[in-house]
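Just so it is clear: in the sequence shown, position 68 is 48 by my numbering, and no numbers are missing.
C-beta: ideal position from N, C-alpha, C; glycine also.
Heads up, the thing below is written out as structure tokens.
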Amino acid sequence: ARGALRRVGPALVTLGPLVSTGHDSGLTQVLPELRSLQDDVRPFAVADSERTIREGLGQPSERLFLDFDEQPIAAASIGQVHRATLPNGRKVAVKVQRPQIRERMVEDFEALEDIADFLDHHTEMGNRYEFCQLLAQFRKSLFQALDYRQEANNLTTLREQPREITRHTVPAPVPDDAPARVLTAAVGPG
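Laid out in structure tokens, this is it:
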């Protein structure tokens, strides 16, 4: 079952954690497989990270960073994160989007919309949950998440909140770094 689910693509991997937390979803046989997808996302090639950085920031990573760790520290369905150091010595995390992720998401959602439409029109569960409507809301949110400029804005807004509210250190987006597919954020003081 996991192999079939994995073939649907990154939209389902991203949707998996959301759906898998439901208790009354009627998907009890699929839930364990959806949960496992979120834990089994493999990193993509550093050459793809380098290409996205060059396209997004206009220069190769070796010109932008004193050092850039080719081994990502985290990988997710939408992107992965690399450690790096800016020329001023500041440690940063560089979040890079997966290659062709937007195109794959469009394809995934076309398939998921067909399934949701069938469920809504042919099952009691679909009638009750209105999967097409839920999927449309999820699609909107996910495509907004593909624009890292919005994430940078959210980090800036969160950093402006009083310390008592955030209770955590929030990474600082690096100024003048506003491409949609690469986000550089300082992870330490500075």
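Pairing residue 129 with residue 32, the inter-Cα distance amounts to about 15 Å.
Scanning the stretch 52 to 119 for uninterrupted alpha helix (DSSP H) segments of 4 residues or longer gives 81 to 102, 104 to 109, listed from N- to C-terminal end. Between the stretch 64 to 72 and the stretch 88 to 95 there are fewer than three C-beta pairs closer than 8 Å, too few to call the two in contact.
Going by C-alpha positions, residue 110 is about 24 Å away from residue 84. Annotated three-state conformation of residue 127 is coil, per DSSP. By the neighbour-count criterion, in which a residue is buried when 16 or more other Cβ atoms sit within 10 angstroms of its Cβ, residue 152 is buried.
By the C-beta density criterion, residue 22 is exposed, having fewer than 16 other C-beta atoms within 10 angstroms. A contact between stretches requires three or more CB pairs, one per stretch, nearer than 8 Å, and the stretch 76 to 83 meets this requirement with the stretch 29 to 49. If you draw a straight line from the Cα of residue 155 to the Cα of residue 24, it is about 26 Å long.
Beta-bridge partners assigned by DSSP to residue 47: 65. Counting along the chain, no beta strand (DSSP E) covers residue 149, and no H or E run does either. Setting aside the 5 residues that flank it on each side, residue 139 is surrounded in the same chain by 150, 152, each with a C-beta closer than 7 Å to its C-beta; the list follows chain order.
Boundaries of the beta strand (DSSP E) harbouring residue 162: 162 to 166, taken from the DSSP string.
Beyond the five residues adjoining it in sequence on each side, residue 96 comes within less than 6 Å, by CB distance, of 111, 112, 115 in the same chain, given in chain order. C-alpha of residue 136 to C-alpha of residue 102: approximately 45 Å in a straight line.
Taken atom to atom, the span from the alpha-carbon of residue 124 to that of residue 81 is near 13 Å.
The beta-carbon separation of residue 26 and residue 50, rounded to 4 Å, stays under the 8 Å limit for a contact.
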